[in-house]
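Q: Its first residue numbered 803, the sequence shown is counted upward by one per residue in the numbering used here. Virtual Cβ for every residue (Gly too), placed ideally from N, Cα, C.
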Amino acid sequence: MAEAGKFLPFEFERLDDAEKIERAQAFYQRLKQRRSVRDFSSEPVPRAVIEACLRTAGSAPSGANMQPWHFCVVESAAIKREIRLAAEAEEREFYQRRASEEWLDALEPLGTDAEKPFLETAPYLIVIFLKKFSEGAEGEQRKNYYTAESVGIATGLLLAALHTAGVATLTHTPSPMKFLNSILKRPASERPYMIVVAGLPAEGAEVPAIDKMPLEEIAEFL
Ligand code: IYR
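Shown next as structure tokens:
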């Protein structure tokens, strides 16, 4: 039998029911205001905000606590330009050839196309990599578990943290995204998972008139 790990008492903050409900509702009221923004201003956002939000992301639960993520925060105009050019090349392929009619129809309400100026305008591109393997203490390859679930949770926390801190975001997934490994010099064992574009909306920015399904449609109590 493997030796069990060390355990510590858990300082859990107990709330009364009224407080639980109030906090849950307040969190919902705030988070439902998050919108995917595609028209960014170049106005800067302090790096300290991004650092704190990345710490939040890094606090996510993960398979066997392997923390199978790596975040490249791109501030450099030259690297943003490289990413934009490579992403737009893939996106042109997608919109002109790869995407099915059904897929293009589904995207219609969002008004997206192959032009991705926000990849250069926004102050930060946070490129999230998923690590199928991590490096062990002796430099050996160590397998990670539930990597997609883990990185998805960390990304969700990152989006919530940025929104709470007054930073607008866009989840962007040009496909395929392998070009991000070469531009950002990440090993082949890491898979680009998503680009989170972060900054402030441009003056007069608009968002699509779409809404979320009501609770009755997305959940049931049994
Ligand atoms: N990656 C493309 C297409 C795209 C796909 C989905 I699914 C979206 O929700 C939005 C866009 C693009 O970024 O334009």
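#1: From Pro1016, Leu986 and Ile1012, pick the residue whose C-alpha is nearest to that of proline 911; which is it?
#2: What's the gap between the Cα of leucine 1002 and the Cα of alanine 806?
#3: Is the stretch 982-997 close to the stretch 828-848, with three or more CB pairs under 8 Å?
#4: Measure the CB-CB distance between isoleucine 928 and valine 847 and report whether it falls below 9 Å.
#5: Given glutamate 922, which residues of its chain have a CB within under 8 Å of its CB, disregarding the five upstream and five downstream residues?
#6: Taking the alpha-carbon positions, what's the isoleucine 1020 to lysine 834 distance?
#7: Any idea if lysine 918 is buried or exposed, counting beta-carbon neighbours within 10 angstroms, 16 or more meaning buried?
#8: Less than 9 Å between the C-beta atoms of arginine 837 and valine 998, yes or no?
#9: Write down every uninterrupted run of the beta strand (DSSP E) in the stretch 885-963 whose length is 3 residues or greater and which is fully enclosed by it, in chain order.
#10: Would you mind stating whether glutamate 893 and aspartate 915 have Cβ atoms separated by less than 9 Å?
#11: What does DSSP give as the partner residue(s) for valine 874 in the beta ladder?
#12: Closer than 8 Å is the cut-off here; do at least three beta carbon pairs connect the stretch 924-938 with the stretch 865-875?
#13: Which residues bound the alpha helix (DSSP H) around glycine 860?
#14: On a Cα-Cα basis, can you pick out the residue from Asn946, Val953, Ser977 and Gly941 that is closest to lysine 934?
#15: Bridge partners for proline 846 per DSSP, in chain order?
#16: Going along the chain, which residues put their C-beta within less than 6 Å of some heavy atom in the ligand IYR?
#17: Is it a yes or a no for the stretch 970-987 touching the stretch 857-868, going by three-plus beta-carbon pairs under 8 Å?
#18: Can you look up alanine 879 in the DSSP assignment and give me helix, strand or coil?
#19: Output the boundary residues of the beta strand (DSSP E) element that contains glutamate 992.
#20: Take alanine 859 and list the residues in its own chain whose beta-carbon comes closer than 8 Å to its own, dropping the five residues that flank it on each side.
#21: Starting from the Cα of glycine 968, find the closest Cα among Ala850, Phe814, Gly938 and Phe920 and give me that residue.
A: Reading from the atomic positions:
#1: Closest option to proline 911, Cα to Cα, is Ile1012.
#2: Answer to the nearest angstrom: the Cα atoms are 47 Å apart.
#3: Contact between the stretch 982-997 and the stretch 828-848 is absent, because fewer than three Cβ pairs lie under 8 Å.
#4: Going by beta carbons, isoleucine 928 and valine 847 fall outside the 9 Å limit.
#5: Here the set comprises Ala879, Lys882, Arg883 and Arg886.
#6: Cα-Cα distance, rounded: 15 Å.
#7: When all chains shown are included, lysine 918 counts as buried.
#8: Judged by their CB atoms, arginine 837 and valine 998 are not nearer to each other than the 9 Å cut-off.
#9: Listed in chain order, they are 926-933, 935-937 and 943-945.
#10: Yes, the pair counts as a contact, with Cβ atoms nearer than the cut-off.
#11: The amino acid occupying residue 874 in the given sequence is cysteine; valine does not appear at that position. The bridge partners DSSP lists for cysteine 874 are Val929.
#12: Verdict: yes, contact present.
#13: First-last of the alpha helix (DSSP H) with glycine 860: 849-860.
#14: Considering only alpha carbons, the answer is Asn946.
#15: Checking the DSSP bridge columns, you'll see proline 846 has no partner listed.
#16: After applying the 6 Å Cβ criterion, the set is Glu893, Phe896, Leu909, Leu912, Thr914, His974, Thr975, Pro976 and Ser977.
#17: The stretch 970-987 makes no contact with the stretch 857-868: fewer than 3 CB pairs, one atom from each, lie closer than 8 Å.
#18: DSSP places alanine 879 in helix when its eight states are reduced to three.
#19: Here the beta strand (DSSP E) through glutamate 992 covers 992-1003.
#20: The residues are Trp871, Phe873, Ala956, Thr957, Leu959, Leu960 and Ala963.
#21: If we check each option's Cα against that of glycine 968, Ala850 comes out closest.
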